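Okay, here's the thing in structure tokens:
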């Protein structure tokens, strides 16, 4: 038993010794993951739209999620660059690796993956204890939300982006997973693309009972779009709802704030009859 304990301690100490001290993140949610893991003080650079938490919002910028200024990045002397699996372009990963930088991709494909991502970032940045505590809290909250809305009356939901043409998302979008958790059915789940424009005929044929859109997505235009369909369920029952899209679309611990907001909106729709 003593040998096992010492082996575990040695593994932890070795991991801490290898922990990154100067970290650049290539997506806004990666800054949130690092801070959730208790390592905000290790961050030295970020990309455009990194706005949370406040200390991360003040970091020097090295470009955006899809175009990185390598000169600005290397000037920060990072010993680790956190990249976004599926988001950071491969050419950027190869270019930074070619400069001798340590690049670690972080993968998140669904709501449940956020907890594991917090733990991975905590391991890389030398804060495993804080990271595991944050991950456990996230898992507990996610489980509570799933239980709360299990068995909720299904509603046909359209998540709308823009108007004329309207865009929506398929089942690969994290927003679609949130809709399902809340007891909704994404009416465009089977679209071939993750996000695509839709004809007015396609929108009407999908017959959504509820339309949800982001507060940032030109709300007035979306409401005017639906005024052309006065006989639709959405208009007759006044079921157009705004949510904070930045929460729902960003795979960080705060995504559950967005899920809770979305679930509340669908609960209001159910209560309206």
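Numbering (the working numbering), first residue to last: 1407 to 1679.
C-beta atoms are modelled at their ideal positions from N, C-alpha and C, and glycine is treated no differently.
Fair warning: this is a prediction, and the values are worked out from it, not measured in the lab.
Rounded to a whole number of angstroms, what is the C-alpha to C-alpha distance between residue i and residue j?
i            : j            : result
residue 1674 : residue 1666 : 12 Å
residue 1494 : residue 1621 : 26 Å
residue 1678 : residue 1643 : 8 Å
residue 1411 : residue 1522 : Any answer about residue 1411 is weak, because its pLDDT of 41 lies below 50 and its placement is not dependable; what the coordinates show is given next. When rounded, the distance between both Cα atoms is 24 Å.
residue 1482 : residue 1455 : 19 Å
residue 1508 : residue 1433 : 16 Å
residue 1510 : residue 1436 : 11 Å
residue 1650 : residue 1664 : 6 Å
residue 1544 : residue 1467 : 29 Å
residue 1487 : residue 1425 : 12 Å
residue 1571 : residue 1538 : 44 Å
residue 1625 : residue 1427 : 42 Å
residue 1647 : residue 1465 : 34 Å
residue 1630 : residue 1654 : 24 Å
Would residue i be called buried (16 or more neighbouring beta carbons within 10 Å of its own) or exposed?
i            : result
residue 1657 : buried
residue 1541 : buried
residue 1549 : exposed
residue 1484 : buried
residue 1603 : exposed
residue 1582 : buried
residue 1416 : A caution first: residue 1416 carries a pLDDT of 44, below 50, which makes its placement in the model unreliable, though a value can still be read off. Residue 1416 should be labelled exposed.
residue 1473 : exposed
Which residues mark the beginning and the end of the beta strand (DSSP E) in which residue i is found?
i            : result
residue 1479 : Segment 1476 to 1480 is the alpha helix (DSSP H) holding residue 1479; no beta strand (DSSP E) there.
residue 1512 : 1509 to 1512
residue 1574 : 1572 to 1575
residue 1504 : Where residue 1504 is concerned, there is no enclosing beta strand (DSSP E), although the alpha helix (DSSP H) it sits in stretches over 1496 to 1504.
residue 1489 : 1486 to 1490
residue 1562 : 1561 to 1566
residue 1646 : 1646 to 1649
residue 1687 : Nothing can be reported for residue 1687: it is not among the residues displayed for the chain, which extend from 1407 to 1679.
By Cβ distance below 7 Å, which residues in the same chain neighbour residue i in space, the five residues on each side in sequence not counted?
i            : result
residue 1505 : 1476, 1480
residue 1526 : 1512
residue 1536 : 1443, 1444, 1528
Who are the near neighbours of residue i in its chain, counting only those whose CB is closer than 8 Å to its CB and skipping five residues on each side?
i            : result
residue 1438 : 1458, 1459, 1462, 1656, 1658, 1659, 1660
residue 1639 : 1613, 1614, 1615, 1645
residue 1421 : Interpretation of residue 1421 is limited by its pLDDT of 48, a score under 50 that renders its predicted location unreliable; the figure taken from the coordinates is listed afterwards. If we look at residue 1421 and ignore the five residues flanking it on each side, its Cβ neighbours are 1529, 1532, 1534.
residue 1519 : 1513, 1657
residue 1641 : 1632, 1633, 1635
residue 1471 : 1432, 1433, 1434, 1453, 1454, 1455, 1490, 1493, 1494
residue 1503 : 1509
To which residues of the same chain is residue i closer than 6 Å at the C-beta, ignoring the five residues directly before and after it?
i            : result
residue 1669 : 1555, 1588
residue 1446 : 1461
residue 1627 : 1569
residue 1730 : There is simply no residue 1730 to check, as the chain begins at 1407 and stops at 1679 in what is shown.
residue 1558 : 1589
What are the boundary residues of the alpha helix (DSSP H) that residue i is part of?
i            : result
residue 1689 : This structure cannot speak to residue 1689, because the chain is shown only from 1407 to 1679.
residue 1633 : 1625 to 1633
residue 1737 : Outside the displayed span of the chain (1407 to 1679) sits residue 1737, for which this structure offers no information.
residue 1493 : Unbroken run through residue 1493: none, as it is neither H nor E.
residue 1640 : 1639 to 1642
Review point. How about the region 1468 to 1485 and the region 1441 to 1453: do they share at least three Cβ pairs that are nearer than 8 Å?
Key: Yes, they touch.
**Study point:** Contact the region 1560 to 1568 vs the region 1604 to 1620: 3+ CB pairs below 8 Å
**Key:** Proximity of the region 1560 to 1568 to the region 1604 to 1620 meets the contact definition, three or more beta-carbon pairs being nearer than 8 Å.
**Study point:** Cβ contact (3+ pairs, closer than 8 Å) linking the region 1572 to 1586 and the region 1594 to 1604
**Key:** They touch, by the three-pair rule.
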